[in-house]
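*Asks:*
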Amino acid sequence: MNIQFSVGMAPNPRTWPLFDGRVKADGIDLIMSPVHASELFWRQLRFADFDLSDMSFSSLLIAIAHGDKRWVGLPIFTTRRLFHTGILVRRDGGIDTPADLKGKRVAVPEYQQTAALWTRGALQHEFGVAPKDMEFWMERNPEHSHGGATEFTAPPGVTIHQIPLGKDIGSMMLSGELQAALHYLVNQNLVDRSSADLWHHPAIKYLFPEPKAEGVRYYNKTGIYPINHCVVLKREIAEQHPWAILNIYKAFERANAIADEQRMEHVNYYLETGRLPADAKTALETTLVQYGIKANRRVLETAAQYSVEQGLTPRLLKLDEVFAPSTMEQ
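Its first residue numbered 171, the sequence shown is counted upward by one per residue in the working numbering.
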């Protein structure tokens with residue numbers, strides 16, 4: 171008889187094979203619940219609603235550094251993105267380069283979230299813009315935020331204002347009260363509340379006129395493809411059923427392989443129809459979304475270093491403090 175785990179997960183192509191039953195974990199029935207990531211992380215950090223779930227990597231580092239041992243990390247990374255390429259700014263805000271963000275009123279849904287961690291890291295290390303150089307405005311209130319659940323406080327030297335209820339990032343960007351948004355979310359969930367379509371509004375533009383080109387430049391220079399979420403398992407379950415850890419890991423690996431096969435089907439179609447140049451095939455055959463510590467050590471250690479630099483964690487966490495011992499050689 172299989173054991174049952176409740177699972178909170180943000181559906182995407184790499185997790186759908188687990189939702190639709192094409193992939194199963196040996197000896198485990200995964201009871202899947204689709205939950206938006208913003209809401210999911212708050213529910214897990216505040217209430218520990220699910221046995222297994224996605225988790226903000228930044229929030230996991232903060233929780234562990236402050237003595238919260240409820241979770242064991244699994245090196246399963248279902249979402250990745252070059253976050254700094256998506257910075258939005260007002261056209262009349264006098265912001266044409268990253269250096270122009272200095273002294274500006276800058277929005278984040280949540281200061282400690284991983285997307286903001288990576289964006290601030292890129293701004294500091296690539297463009298010389300430190301967090302203390304900007305004035306931050308945070309949308310999520312303490313009762314419905316990851317920071318509220320981890321007792322987050324503003325790092326020394328960093329100014330963080332709370333966006334009042336009745337306002338949000340979208341409305342304050344359009345009114346001119348805010349001049350930039352490091353990250354912007356429009357979703358119906360229990361945590362985020364913006365609704366304006368800033369991406370297509372004539373008053374708003376991307377900081378980087380060619381976001382894809384900036385992403386290519388950054389990746390070619392640094393080799394970093396930022397990790398956003400990892401997967402966590404309740405520690406009490408990991409200790410009671412240690413065999414389950416690698417069974418879960420292997421199931422997610424199989425789901426990831428299915429997603430990559432589907433991606434290559436699309437690549438081959440576009441090559442055959444002439445919508446992609448023939449010389450793109452070699453590059454596109456490379457699997458960028460890989461799980462495990464070995465393939466991602468540099469990215470994970472960079473995130474941990476940024477967390478210390480930005481005052482989110484009081485010390486540099488080692489990866490063996492974050493992830494299950496049985497996964498460290500994966």
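The beta-carbon is built from N, C-alpha and C at its ideal position, and this holds for glycine as well.
As the structure is a computational prediction, the values presented were derived from the model and not from experiment.
Using three-state DSSP, classify H353 as helix, strand or coil.
*Replies:* Of the three classes helix, strand and coil, the one that applies to H353 here is coil, per DSSP.
*Asks:* Determine, using beta carbons only, whether T249 and N182 come nearer to each other than 8 Å.
*Replies:* Result yes, Cβ atoms of T249 and N182 sit closer than 8 Å.
*Asks:* Run through the DSSP bridge pairs and tell me what G197 is partnered with.
*Replies:* Answer by DSSP bridge pairing: none, since G197 is not bridged.
*Asks:* Within 10 Å of its beta-carbon, does S364 have 16 or more other beta-carbons around it, so buried, or fewer, so exposed?
*Replies:* Buried, since its Cβ has 16 or more Cβ neighbours within 10 Å.
*Asks:* Please state the DSSP three-state secondary structure of F217.
*Replies:* Three-state DSSP puts F217 in a helix.
*Asks:* What distance in whole Å lies between the Cβ atoms of H353 and A285, which are believed to be in contact at a cut-off of 8 Å?
*Replies:* So it is a contact: roughly 4 Å between Cβ atoms.
*Asks:* Pick helix, strand or coil for I415, following the three-state DSSP scheme.
*Replies:* If DSSP states are grouped into helix, strand and coil, I415 belongs with the helices.
*Asks:* So the beta strand (DSSP E) K404 belongs to, where does it begin and stop?
*Replies:* Per DSSP, K404 belongs to the beta strand (DSSP E) from 399-404.
*Asks:* Checking the sheet assignment: what are the DSSP bridge partners for V177?
*Replies:* Beta-bridge pairing links V177 to M202, L222.
*Asks:* Here's the rule I'm using: 16 or more other beta-carbon atoms within 10 Å means buried, otherwise exposed. How should D449 be labelled?
*Replies:* The residue is exposed, with fewer than 16 neighbouring Cβ atoms inside 10 Å.
*Asks:* Is V459 closer than 8 Å to E209 when the C-beta atoms are compared?
*Replies:* No, they are not a contact pair.
*Asks:* Cβ-heavy atom distance between T457 and the ligand MN below 7 Å?
*Replies:* With respect to the ligand MN, the structure shown offers nothing to examine, as it has no ligands at all.
*Asks:* Buried or exposed: which applies to W413, given that a residue is buried once 16 or more other Cβ atoms fall within 10 Å of its Cβ?
*Replies:* So W413 counts as exposed.
*Asks:* Give the DSSP-derived three-state secondary structure of I232 in the structure shown.
*Replies:* Reduced to three states, the DSSP call for I232 is helix.
*Asks:* Please state whether DSSP places Q475 in a helix, a strand or coil.
*Replies:* Three-state result, Q475: helix.
*Asks:* Can you say whether Q410 is buried or exposed, counting buried as having 16 or more other CB atoms within 10 angstroms of its CB?
*Replies:* With fewer than 16 other Cβ atoms within 10 Å, it is exposed.
*Asks:* On the three-state DSSP scale, how would you describe I339?
*Replies:* Looking at I339 - three-state DSSP - the assignment turns out to be helix.
*Asks:* Should L222 and V492 be called a contact, given that it needs their Cβ atoms to be closer than 8 Å?
*Replies:* Not closer than 8 Å, so no.
*Asks:* Mind listing, in chain order, the continuous alpha helix (DSSP H) runs of no fewer than 4 residues lying wholly within the segment 447-498?
*Replies:* The segment 447-498 contains these whole alpha helix (DSSP H) runs: 451-454, 467-479, 489-492.
*Asks:* Can you give, in chain order, each stretch of the beta strand (DSSP E) that sits fully within the segment 416-447 and has at least 3 residues?
*Replies:* List check, beta strand (DSSP E) in window: nothing returned.
*Asks:* Taking a contact to mean a Cβ-Cβ separation below 8 Å, would you say E280 touches G317 in this structure?
*Replies:* Yes, Cβ-Cβ distance for E280 and G317 is below 8 Å.
*Asks:* Can you tell me whether DSSP reads Y395 as helix, strand or coil?
*Replies:* Three-state DSSP puts Y395 in coil, outside helix and strand.
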